[in-house]
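Taking the numbering used here, the leading residue of the sequence shown gets 39, the next gets one more, and so forth.
Each residue gets a CB set at the ideal place from its N, CA and C atoms; glycine is no exception.
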Amino acid sequence: MSSTAPVLDSVSTESPTAARATWGAFRRNPLGMGSLVVLVLIVLVAIFAPLIVASPSGYGGAVLQAPSGAHIFGTDNLGRDIFAEVVWGTRISVLVAAAASALAIVIGVLVAMLGAYFPKADSIIGTIVDLCLSLPVLPLMILVTALAGTSVLTEILIIAFFSWPEVARVVRSQALSAVRLPYMDAARLTGGSSTWIIRKHLLPAVAPVVVVSVALTSSRAVLTAASLAFLGLGGVTNWSWGRILFEAEQSGAMSSAWWTTLFPSLAMLLLVVAATLISITYNDARNPRTRED
39 MSSTAPVLDS
49 VSTESPTAAR
59 ATWGAFRRNP
69 LGMGSLVVLV
79 LIVLVAIFAP
89 LIVASPSGYG
99 GAVLQAPSGA
109 HIFGTDNLGR
119 DIFAEVVWGT
129 RISVLVAAAA
139 SALAIVIGVL
149 VAMLGAYFPK
159 ADSIIGTIVD
169 LCLSLPVLPL
179 MILVTALAGT
189 SVLTEILIIA
199 FFSWPEVARV
209 VRSQALSAVR
219 LPYMDAARLT
229 GGSSTWIIRK
239 HLLPAVAPVV
249 VVSVALTSSR
259 AVLTAASLAF
269 LGLGGVTNWS
279 WGRILFEAEQ
289 SGAMSSAWWT
299 TLFPSLAMLL
309 LVVAATLISI
319 TYNDARNPRT
329 RED
């Protein structure tokens, strides 16, 4: 490899000074830091759920009891503690969101970079992405889930399959701008292979957009998983926020016991709002025009 490769690497990646400035601007934004704290707390609840409360199972004597000292989130139609359901539901909800968004990001970024770097493939990839984005996503998800069966793995794969086109569209626009930059031409002139150029130069160029896409895709995955579970197409052996809503609707408690739907809905709202605010704050912190000195 040419001796100019280290020089080119330093051009294509964000400098330590810029990274520190971005983090400093992000840290000074109370909304961004508050959202980051909320997101970290949700992840910790998912990890340490068995240490927080016992898994909800069986039946309880206090049926549809309103929030009280004994049950801070109330109980459901079978007398189970809703606080325990929400805490344990965090595990599957976060797992599905993280795994589905990670898979969608990998597919979307790879497809976008290949399309941007190879012009002959870009028209085909662009057509596929536009076609996928024009499809009615939720009805197709319902159909595929009903045919494939309900399981956590199936849910992750289906959400990722229908989420990657949105990631590809966003990353592709950034990648198309990056491949026209002078240092990309210099990398080609030095004899670098396509794989090396994409990995060392194009991927770092689109990395900031990928960070934003991770947050937005994760929040959409949470809502999609909850929607499928609410329709009875989620896993029935594991607790999730969508399953809590599904059981409240099936039992008729949704209209008579407000606490059965309020707390799982608030949990979803917290995660989605936190992820969205983090992506917005990070995007503003990267922009020197909006970043505070």
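| Item | Value |
| --- | --- |
| Roughly how far, in whole angstroms, is the beta-carbon of T128 from the beta-carbon of D119, given that I think they are within contact range, below 8 Å? | Between D119 and T128 the Cβ distance is about 14 Å, and since that is not below 8 Å, they are no contact. |
| Can you grab the Cα-Cα spacing for the pair L77 / V182, in whole Å? | 31 Å |
| Mind the definition here: the segment 269-280 touches the segment 183-201 only if three or more C-beta pairs lie below 8 Å; say whether that holds. | yes |
| Nearest-angstrom Cα distance between L227 and A245? | 24 Å |
| Using DSSP with H/G/I as helix, E/B as strand and the rest coil, what is A43? | Low confidence applies here, because A43 scores a pLDDT of 42, under 50, leaving its location unreliable; read the following figure in that light. Helix at A43. |
| So if DSSP puts T113 in a beta bridge, which residue, or which two residues, is it bridged to? | D119 |
| Please report how far the alpha carbon of T184 lies from the alpha carbon of V209, in whole angstroms. | In the sequence on display, residue 184 carries Ala and not Thr. Rounded to the nearest angstrom, the two C-alpha atoms are 31 Å apart. |
| Mark S251 as exposed unless 16 or more other C-beta atoms lie within 10 angstroms of its C-beta, in which case mark it buried. | buried |
| Using 8 Å for Cβ pairs, my map puts V217 next to Y155. What's the rounded Cβ distance? | 6 Å |
| To the nearest whole angstrom, what separates the beta carbons of A198 and L141, a pair I think is in contact under 8 Å? | 4 Å |
| Less than 8 Å separating the beta-carbons of T319 and N67? | yes |
| Are the beta-carbon atoms belonging to S93 and A63 less than 8 Å from one another? | no |
| Considering Cα atoms alone, identify which of T233, R324, L307, E287 is closest to A267. | E287 |
| Within a Cβ cutoff of 6 Å, which residues of the same chain sit near V49, ignoring the five residues on either side of it in sequence? | Because the pLDDT of V49 is 40, which lies under 50, any placement of that residue in the model is unreliable, and the number read from its coordinates should be weighed accordingly. Cβ within range, chain order: Y221. |
| Less than 6 Å between C-beta atoms, sequence neighbours within five positions excluded: which residues of the same chain meet that for P44? | Confidence at P44 is low in this model, with a pLDDT of 40, below 50, so its placement is unreliable and the value that follows should be read with caution. Counting only Cβ-Cβ distances below 6 Å, and skipping sequence neighbours, we find nothing. |
| Please state whether DSSP places G164 in a helix, a strand or coil. | helix |
| Can you tell me which of L178, L214, L300 puts its alpha carbon nearest to the alpha carbon of L240? | L214 |
| Between W202 and the rest of its own chain, which residues show a CB-CB distance below 6 Å, the 5 nearest in sequence each way excluded? | A142, I145, G146 |
| For chain B, is any of its Cβ atoms less than 8 Å away from the one on L266? | No chain B appears in this structure, which consists of one protein chain only. |
| So for W277, helix, strand or coil by DSSP? | coil |
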